[in-house]
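Just below is one structure, and these are the notes that go with it.
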Amino acid sequence: MAVAMAIPAVAKGETKMSIFGKTADGVPVPIYTLTSGQIEVRVMAYGAHLVSVKAPDRNGKTADVVLGYDDLSTYLKTPNPYIGAIVGRYGNRIAGGKFTIDGNSYQIPLNDGPNALHGGPKGFDQYVWQAHEVPGGVEFTLVSPDGDMGFPGTLTAKVRYTLNGATLRIDYTATTDKPTVLNLTNHAYYNLHGDEQGNILDQKIEINADRYTPVNATLIPTGELAPVAGTPLDFTKPEVIGARIGVDNEQLKRGHGYDFNWVVKGKPGTLRLAATVTDPVSGRKLTVETTEPGVQFYSGNFLDGSFTGRHGVKYEKHTGLCLETQHFPDSPNHPDFPSTLLRPGETMHSTTTLTFGVVK
4 MAVAMAIPAV
14 AKGETKMSIF
24 GKTADGVPVP
34 IYTLTSGQIE
44 VRVMAYGAHL
54 VSVKAPDRNG
64 KTADVVLGYD
74 DLSTYLKTPN
84 PYIGAIVGRY
94 GNRIAGGKFT
104 IDGNSYQIPL
114 NDGPNALHGG
124 PKGFDQYVWQ
134 AHEVPGGVEF
144 TLVSPDGDMG
154 FPGTLTAKVR
164 YTLNGATLRI
174 DYTATTDKPT
184 VLNLTNHAYY
194 NLHGDEQGNI
204 LDQKIEINAD
214 RYTPVNATLI
224 PTGELAPVAG
234 TPLDFTKPEV
244 IGARIGVDNE
254 QLKRGHGYDF
264 NWVVKGKPGT
274 LRLAATVTDP
284 VSGRKLTVET
294 TEPGVQFYSG
304 NFLDGSFTGR
314 HGVKYEKHTG
324 LCLETQHFPD
334 SPNHPDFPST
344 LLRPGETMHS
354 TTTLTFGVVK
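Here is the structure:
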């Protein structure tokens with residue numbers, strides 16, 4: 004049985020800023036290094052990306068456990084597959100890129116077959132956010148103008164990364180001057196082996212959900228909240244990721260592996276367990292908690308070796324996994340799903356925490 008091991012607390016952490024590079028039009032992009040003595044985190048202003056997390060294994064050996072690139076130019080050239088980015092205005096898919104608010108119809112440019120994905124062809128991942136240091140970390144701000152990628156309203160979004168011990172906290176807030184829809188999340192790819200060492204298929208995942216949102220052939224939810232029991236999507240207890248990923252199952256075939264939204268147990272708006280991932284080899288463990296109603300577990304099915312990450316490593320299929328805490332995909336077109344509608348005078352707020360530990 005895996006036994007959690009606490010990483011000893013040390014002195015108060017610090018935040019350091021440097022310039023990671025410049026955009027094509029000469030805008031400097033700051034990168035911030037957050038250290039606590041337990042883990043080290045780097046985040047940058049371009050796309051508010053989570054660039055790296057260095058965490059120790061059970062023997063104290065440190066490795067990067069999120070995928071990333073060595074330089075800014077690679078991020079600029081390869082926005083998809085969204086490695087480490089904040090995605091928005093609407094993370095995940097909107098069917099046909101269409102939705103309606105108060106009788107007004109909106110069209111987002113399509114960039115995922117017949118659908119809009121992660122906010123359209125130029126989402127929040129491709130802008131330089133304004134940055135300022137806060138206690139324990141950094142806050143990024145982006146003002147998205149009315150009509151940006153077809154979305155209504157001038158939206159002011161803030162993403163705050165703060166590090167406390169072995170826990171990275173991500174706080175999202177947003178306001179708008181017109182009714183709009185919003186679904187912000189972080190698209191980090193995790194590999195608890197370390198980002199130079201193979202795939203994630205031998206790692207174990209547990210998801211705090213007994214229902215998920217089945218999808219059609221273009222990965223749009225059908226509207227059903229289906230039980231995971233009796234399916235290869237049942238992770239109510241820890242399971243090896245690769246154990247059932249290739250079984251004969253229609254949903255897995257549609258996703259080319261795992262690429263689904265699970266309905267997190269408990270009350271949305273309260274911070275609660277979403278998922279845990281453990282690596283039996285290194286002993287590293289990731290615990291994800293969120294206030295969001297769902298979490299998208301994606302097993303890196305479309306990584307194909309065409310992306311070269313840190314240290315010259317090719318990011319092949321299943322090199323990393325994503326745990327995107329979120330509202331459900333295509334929620335604007337499903338009135339029964341938790342609402343993603345944000346109106347003037349309201350403030351959207353959500354929190355996700357990532358805690359890195361080890362097990363014996």
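Just so we're aligned, residue 4 is where the sequence shown starts under the numbering used here, counting upward by one.
Cβ atoms here follow ideal geometry from the backbone N, Cα and C, with glycine treated the same way.
For the pair of segments examined, the segment 64-71 was found not to touch the segment 125-134: the number of CB pairs separated by less than 8 Å stays below three. Sixteen is the threshold: since fewer than 16 other Cβ atoms of the shown chains lie within 10 Å of the Cβ of Gln133, the residue is exposed. C-alpha of His196 to C-alpha of Thr65: approximately 10 Å in a straight line. Given a length threshold of 3 residues, each whole run of the beta strand (DSSP E) inside the segment 99-160 is given here in chain order: 101-104, 107-110, 133-137, 140-147.
Closest in C-alpha terms to Asn252, from the list Lys240, Lys270, Gly233, comes Gly233.
Buried is the label assigned to His330, since at least 16 other Cβ atoms lie within 10 Å of its Cβ. Gln200 is bridged by DSSP to nothing; it lacks a bridge partner.
DSSP places Lys57 outside any alpha helix (DSSP H); the residue lies instead in the beta strand (DSSP E), whose first and last residues are 53-59.
Only residues of its own chain outside the window of five on either side were considered, and among them Ile97, Gly100, Ile111, Leu113 have a CB closer than 6 Å to the CB of Ala119, listed in chain order.
A straight-line Cα-Cα distance of about 22 Å links Leu345 and Val267. Contact annotation, Gly226 with Asp339: C-beta distance approximately 7 Å; criterion of less than 8 Å satisfied. Taking the C-beta atoms as reference points, Pro271 is found no nearer than 8 Å to Thr239.
Going by DSSP, Leu79 is part of the alpha helix (DSSP H) stretching over 75-80.
When the beta-carbon positions are compared, Arg247 and Ala58 stay at least 8 Å from each other. Rounded to the nearest whole angstrom, the C-alpha separation of Thr354 and Val141 is 15 Å. Here Glu327 carries a strand assignment [DSSP, helix/strand/coil]. The distance from the Cβ of Gly153 to that of Tyr109 is about 6 Å, consistent with a contact at the 8 Å cut-off. Only residues of its own chain outside the window of five on either side were considered, and among them Ala66, Asn194 have a CB closer than 8 Å to the CB of Gln200, listed in chain order. Sequence-distant Cβ neighbours of Thr178 in its own chain, meaning closer than 6 Å and more than five residues away, are Thr159, Thr350. Gly360: member of the beta strand (DSSP E) spanning 351-362, first to last residue. Secondary structure note for Lys25: its beta strand (DSSP E) is the uninterrupted segment 17-25. Assignment of Arg346 by DSSP, reduced to helix, strand and coil, places it in the coil class.
One thing to note: Val90 has its Cβ within 8 Å of the Cβ of His121. Residue pairing from DSSP places Phe263 in a beta bridge opposite Phe300.
Between the alpha carbons of Ile173 and His190 lies a distance of about 12 Å. Annotation for Glu209: the continuous beta strand (DSSP E) segment containing it runs 207-210. For the pair Ala169 and Thr36, the CB atoms are not nearer than the 8 Å cut-off. Closest in C-alpha terms to Ile223, from the list Trp265, Pro332, Ser309, comes Pro332.
When only Cα atoms are considered, Phe300 and Tyr215 end up about 11 Å apart. When rounded, the separation of the alpha-carbon atoms in Thr157 and Thr183 is 9 Å. Leu324 and Ser302 do touch by the CB rule: their CB atoms are close to 5 Å apart, below 8 Å. Beta bridge pairing from DSSP links Ala278 with Ile210, Val291. With contacts defined by Cβ atoms closer than 8 Å, Val54 and Gly87 form a contacting pair.
Distance check between Arg163 and each of Pro148, Thr311, Leu187, Asp151 places Leu187 closest, using alpha-carbon atoms only. Cβ neighbours of Ala220 within its own chain (closer than 7 Å, five residues either side excluded): Arg257. Judged by DSSP in its simplified three-state form, Ile97 adopts strand.
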